[in-house]
Amino acid sequence: MIEALLTLLGFELLGELLRSTLHLPVPGPVAGMLLLTAALVLRHRATGTPANPPAETALDRVSGVLLDHMGLLFVPAGAGIIAEGALLRQEWLPIIAALIGSTVLSLAVTGLVMHHIIRTQAEAAP
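Residue numbers (our numbering): 122 to 247.
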């Protein structure tokens, strides 16, 4: 359990170091998450096949517990929204425009990526 937590924190630290060293426009934890994803994909390719997936690890269990309690991480953000009510009332139009624009952009990018993945898989299939 401790080893899995240290793995998660290590990848977060590595992402933060890469962000500060390379001046990346991405938060360190996001860069660390991408590195962890790459490491897990490489590990899966080395140890498992679709018919024989690798066994559940401590990292799977720890990440499951963290995901189960992720709602707690939104409490400070909710409190911040309530505390900044006056600013929200003053700047509601740009905030709504940003929310709608980012949602539409996210949907469009997701659709394009899925279209590309499905097309690539269809071309690769015999």
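Positions of the beta carbon are idealized from the N, C-alpha and C atoms, including for glycine. Just so we're clear, the structure is a prediction, and the values are computed from it rather than from any experiment.
When C-beta atoms of the segment 156–170 are compared with those of the segment 128–137, three or more pairs fall below 8 Å, so the two segments count as touching. In its own chain, leaving out the 5 sequence neighbours on each side, no residue places its CB closer than 6 Å to the CB of Arg210. Taking Ala152 as reference, the option from Val225, Leu139, Leu161 and Leu163 with the minimal CA-CA separation is Leu139. When the five nearest sequence neighbours on each side are left out, no beta carbon in the same chain lies closer than 8 Å to the beta carbon of Ala218.
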